[in-house]
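This report concerns only the one structure given below.
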Amino acid sequence: MRRWTPPVAPASAPARAPAPGLPTSRRTSSSSSPSSSSSVRLACLAVLLLSTGVAAAAAGGGGGGGGGGGGGGIAGGGGGGGCPPPGVGAHNPLQALAGGVNCSWTLERHTRSYNHLEGDVRLRRLYSANKFFLCIDKGGKVDGTRRKNLADSLMEIRSVSVGVVAIKSVSTGLYLAMSKKGTLFGSVKYSPNCKFKERIEENGYNTYSSLRWKHGGRQMFVSLNGRGKPRRGHKARRRHPSTHFLPMLPS
């Protein structure tokens, strides 16, 4: 005879663990999302770089063409910043320089137009360190006077070359000249005897020596002694006060 055993209720099925595929797919989905965004960004960046490169190439080609046109304008003298052809602006080189033009011919013509290169003229009274004014009378006599406003003492000093001047009395029209013997006199006509080398000495006075004549290799100077009388050129020395003159403006 069988032994009776009470029926046992079937054990409840254990809770199912989450399907291993589901978290994996979720993780895959979440990890693939940044990758997709990065790919999209890289693609956009590539397109942007490509379009920028094409635009730059087009702009470079246009600039090169414009530069060629500008070069032609300069060569033809029609460019705004180019060098104008010779003759344009020649009468007003300062205006050409103000317009930004830097041309060698413009600067050269501007330098040639300086007045002092053609002959600077100064009206002065030559006042010696011995306190005499150099003067030339109508008879051609060179002398010294203490009268400041004497008409014969007003001189016209004209530059004839670099460091060389000609001295003429305004009232008499006679040129200061020096003979071969060193004698000073007034000359009606301008000649090589009327050329004197002008030099500024250390004390601020000027000395005037004959350009043409020398005595024993020594320079001969314009000089007034202590009585206002002219000295012979070979008896004067550069450092002696009798050879020092101060060009004074007429009052």
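Position 182 of the sequence shown, counting from 1, maps to 182 under the UniProt record's numbering, and the rest follow consecutively. Idealized CB from N, CA, C, for every residue including glycine. It should be emphasised that the depicted structure is a prediction, and the values quoted were computed from it without experimental measurement.
Where residue 144 is concerned, the enclosing beta strand (DSSP E) starts and stops at 142-145. Spanning the alpha carbons of residue 238 and residue 175 requires a straight line of approximately 22 Å. When the five nearest sequence neighbours on each side are left out, the beta carbons in the same chain lying within less than 7 Å of the beta carbon of residue 241 are those of 129, 130, in order along the chain. Here DSSP, grouped into helix, strand and coil, assigns residue 214 to strand.
The three-state reading of DSSP puts residue 189 in coil, since its state is none of H, G, I, E or B.
Below 8 Å, too few C-beta pairs join the segment 203-220 and the segment 141-151 to call them touching: fewer than three.
Sixteen is the threshold: since fewer than 16 other Cβ atoms of the shown chains lie within 10 Å of the Cβ of residue 46, the residue is exposed. In this structure, 195 is the residue among 195, 173, 184, 216 with its C-alpha nearest to the C-alpha of residue 162.
According to the DSSP secondary-structure assignment, residue 175 is paired through a beta bridge with 168, 187. C-alpha of residue 212 to C-alpha of residue 189: approximately 16 Å in a straight line. Our two residues, residue 136 and residue 143, have alpha carbons roughly 6 Å apart in a direct line. A check of alpha carbon separations from residue 219 across 197, 230, 228, 225 identifies 197 as the nearest. The beta strand (DSSP E) runs of length 3 or more contained entirely in the UniProt region "Disordered" (226-251) are, from start to end of the chain, 245-248. DSSP, read as helix, strand or coil, puts residue 48 in helix.
Comparing alpha carbon positions, the residue from 230, 124, 223, 244 closest to residue 170 is 124.
In the DSSP assignment, residue 123 is bridged to 156. Nearest neighbour of residue 224 by Cα position, chosen from 243, 168, 214, turns out to be 243. Annotated three-state conformation of residue 150 is coil, per DSSP. Check the Cα spacing between residue 222 and each of 134, 121, 250, 187: the tightest is with 134. Ranking 233, 216, 138, 42 by CA distance to the CA of residue 193 puts 233 first.
For residue 135, the uninterrupted beta strand (DSSP E) run begins and ends at 133-136, by DSSP. Around the beta carbon of residue 236, 16 or more other beta carbons sit within 10 angstroms, so the residue counts as buried. Less than 9 Å separates the beta-carbon of residue 122 from that of residue 247.
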